[in-house]
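Here the structure is laid out as structure tokens; the discussion comes afterwards.
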Amino acid sequence: MEPSDHEKKLKELEKTVRTLKKKLERSEADREQLENASEVRENILKNVISELEDSQIALRNRGDELEDALKNLKTLQMKLVESEKMSALGIMVAGIAHEINNPVNFIYGNLNYAQQYFQDLLKLIELYQKKYPEPDLVIQKEIENIDLVFLKKDLNKLFQSMTVGAERISEIVKSLRTFSRLDEAEFKSVDIHEGIDSTLVILNNRLKQAGGNIAEIKVSKNYGKLPLIKCYAGQINQVFMNILANAIDSLEELILKTNQTNLGQCMIQQPEIKIQTAVIANNWMEIRIADNGMGMDEKVRTKLFDPFFTTKQVGKGTGLGLAISYQIIIELHGGKLECYSQPEKGAEFVIQIPMR
Ligand SMILES: Nc1ncnc2c1ncn2[C@@H]1O[C@H](COP(=O)(O)OP(=O)(O)OP(=O)(O)O)[C@@H](O)[C@H]1O
Ligand SMILES: [Mg+2]
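Everything in the sequence shown is counted per my numbering, starting at 113 for the first residue and increasing by one.
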């Protein structure tokens with residue numbers, strides 16, 4: 113090979129090396145650019161992810177807030193329905209009380225006159241008897257027929273019980289009115305035992321003829337020493353009425369059932385209502401009302417105080433008795449009302465009220 117050829121080749125080689133070097137530099141620059149771009153993209157992606165995470169947390173929080181709001185709405189709705197029911201009940205009760213009030217006033221107002229007139233007539237008869245000690249045989253027979261001696265004695269008792277009854281109706285009307293206007297009710301010191309006794313008087317008929325004349329319900333009282341209690345007396349009486357009426361209902365049901373299965377044989381167990389009162393710790397008083405009737409299962413016991421819950425036939429129970437009682441004891445008096453019961457083991461209601 114000639115030296116010029118050699119040089120030529122060398123030059124060519126140098127050129128190739130240069131172009132290669134340039135190419136390498138360019139690809140290096142490209143690589144750097146690419147690297148930078150992917151770093152930027154990665155950063156953007158990271159930002160997007162963290163933003164997404166943030167908005168996910170925000171969404172979750174918002175969801176929780178919405179759930180809380182829904183819960184609050186539901187309780188509010190329940191309260192609204194409840195207060196609407198209560199105010200509808202209040203309006204109804206006030207209407208009934210108003211309607212009963214007038215006729216009761218007629219009866220109560222005229223009872224005094226009726227008694228007076230009867231006394232006058234009796235005096236007249238006595239006067240006749242004095243003036244004409246030996247009346248005609250027809251008259252003598254009639255005197256025997258109507259049993260005049262007994263009639264005279266009984267009449268006064270009759271008037272007395274009629275007056276007590278009319279007074280009690282007035283009281284009930286009054287308590288119905290106070291129930292419909294809770295805030296205007298009278299808060300005063302009363303003898304709780306008097307309240308229970310007068311309620312028993314009203315229920316006397318039902319106690320004597322339980323289960324359609326089949327049996328008499330025995331009432332055992334064990335009254336402790338109670339001071340006068342400051343309370344809404346009319347409403348507390350309403351509670352006694354509801355609980356005692358339920359006890360009688362339950363005993364009646366048991367009496368009828370026993371009688372059906374025993375084919376008319378007499379009851380083995382004496383139907384009984386036990387009433388106990390006492391002052392308990394922390395200046396509270398307690399009233400226990402127990403019956404040995406049908407009792408109830410757990411399912412009924414948990415729903416007992418719910419408005420409109422009843423196991424009685426349509427037309428017999430409204431399911432409001434205990435709901436109203438609960439409101440009177442818990443909300444109006446800051447007390448407690450509990451029930452202990454098992455099926456076929458009777459039921460016991462415990463009322464506790466703080467004495468102020
Ligand atoms: N002493 C009890 N023994 C057995 N079950 C009872 C007794 N007291 C209440 N219950 C049960 O509780 C339910 C609810 O009583 P609540 O007094 O509120 O309503 P009601 O007696 O059915 O109807 P209302 O009193 O409005 O006429 C009754 O239907 C009954 O099933
Ligand atoms: Mg009832």
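For each residue, glycine too, the CB sits at the ideal point set by N, CA and C. As the structure is a computational prediction, the values presented were derived from the model and not from experiment.
Confirm the yes/no value for this check: CB of Ala402, any heavy atom of ligand 2, distance under 7 Å. For the purposes of this step, residue 402 is taken as residue 290 along the sequence shown, with counting starting at 1. Answer for Ala402: no, Cβ out of range of ligand 2.
For Lys330, the first and last residue of its enclosing beta strand (DSSP E): In the sequence shown, the residue the question calls residue 330 occupies position 218. Lys330 -> beta strand (DSSP E) spans 330-334.
Quick one: grab the DSSP three-state call for Tyr229. To locate residue 229, count along the sequence shown from 1; it is residue 117. Three-state result, Tyr229: helix.
Note down the Cα distance separating Gly429 from Glu306, rounded to an integer number of angstroms. As a working note, residue 429 is residue 317 in the sequence shown. As a working note, residue 306 is residue 194 in the sequence shown. In a straight line, the C-alpha of Gly429 is about 27 Å away from that of Glu306.
Could you say if the segment 386-399 and the segment 431-439 meet the contact criterion of at least three C-beta pairs nearer than 8 Å? no
In whole angstroms, give me the CA-to-CA distance for Thr414 and Tyr452. Position 302 of the sequence shown holds residue 414. Position 340 of the sequence shown holds residue 452. Using only the alpha carbons, I get a separation of about 11 Å.
Could you compute how far the alpha carbon of Ile363 sits from the alpha carbon of Ala226? Residue numbering aside, residue 363 sits at position 251 when the sequence shown is read from its first letter. Residue numbering aside, residue 226 sits at position 114 when the sequence shown is read from its first letter. First, the amino acid is wrong: residue 363 is Leu here, not Ile. Between Leu363 and Ala226, the C-alpha separation is close to 38 Å.
Compare the C-alpha of Arg318 against each of Phe218, Leu356, Glu298, Ile304 and name the closest. Within the sequence shown, residue 318 is the residue found at index 206, counting from 1. Ranking Phe218, Leu356, Glu298, Ile304 by Cα distance to Arg318 puts Leu356 first.
Restricting to Cα atoms, I'd like to know which of Ala459, Arg468, Ser301, Lys333 is closest to Gly446. Indexing the sequence shown from 1 puts residue 446 at position 334. Selected option, being the one with the closest Cα: Arg468.
Below 7 Å, is the gap between the Cβ of Ala200 and the nearest heavy atom of ligand 1? Your numbering for residue 200 matches position 88 in the sequence shown. Checking every heavy atom of ligand 1 against the Cβ of Ala200, none is found closer than 7 Å.
Ile169 to Glu144, Cα distance in whole Å? For this step, residue 169 is matched to residue 57 along the sequence shown. For this step, residue 144 is matched to residue 32 along the sequence shown. If I take the Cα positions, the gap works out to 37 Å.
Could you please give the first and the last residue of the uninterrupted alpha helix (DSSP H) stretch that includes Thr373? What you label residue 373 is simply residue 261 of the sequence shown in a count that begins at 1. Start and end: 345-373.
By DSSP, does Met406 sit in helix, in strand, or in coil? Along the sequence shown, read from residue 1 onward, the residue named residue 406 stands at position 294. In the structure shown, Met406 sits in coil (DSSP, three-state: anything other than H, G, I, E or B).
Can you name the residues that DSSP bridges to Val391? Translated into positions along the sequence shown, residue 391 becomes position 279. Per DSSP, Met397.
Looking at the C-beta of Glu384, does it have a partner C-beta in chain D at a distance below 8 Å? Within the model displayed, chain D is absent; a lone protein chain is all it includes.
What residue does the beta strand (DSSP E) around Leu449 start on, and which one ends it? Here residue 449 refers to the residue found at position 337 when the sequence shown is read from its first residue. Note, Leu449: beta strand (DSSP E), 448-453.
Who sits around ligand 2, taking every residue whose Cβ is closer than 5 Å to one of its heavy atoms? Asn358, Gly433
Does any heavy atom of ligand 1 sit closer than 7 Å to the C-beta of Met204? Position 92 of the sequence shown, counted from the start, is the residue given in the question as residue 204. Checking every heavy atom of ligand 1 against the Cβ of Met204, none is found closer than 7 Å.
Quick one, are the C-beta atoms of Ile258 and Gln347 less than 8 Å apart? Numbered from its first residue, the sequence shown carries residue 258 at position 146. Numbered from its first residue, the sequence shown carries residue 347 at position 235. Against a cut-off of 8 Å, the Cβ pair of Gln347 and Ile258 comes out as no contact.
Roughly how many angstroms lie between the CA atoms of Lys300 and Asp176, to the nearest whole one? Start at 1 with the first residue of the sequence shown, and residue 300 comes out as number 188. Start at 1 with the first residue of the sequence shown, and residue 176 comes out as number 64. Cα-Cα distance, rounded: 49 Å.
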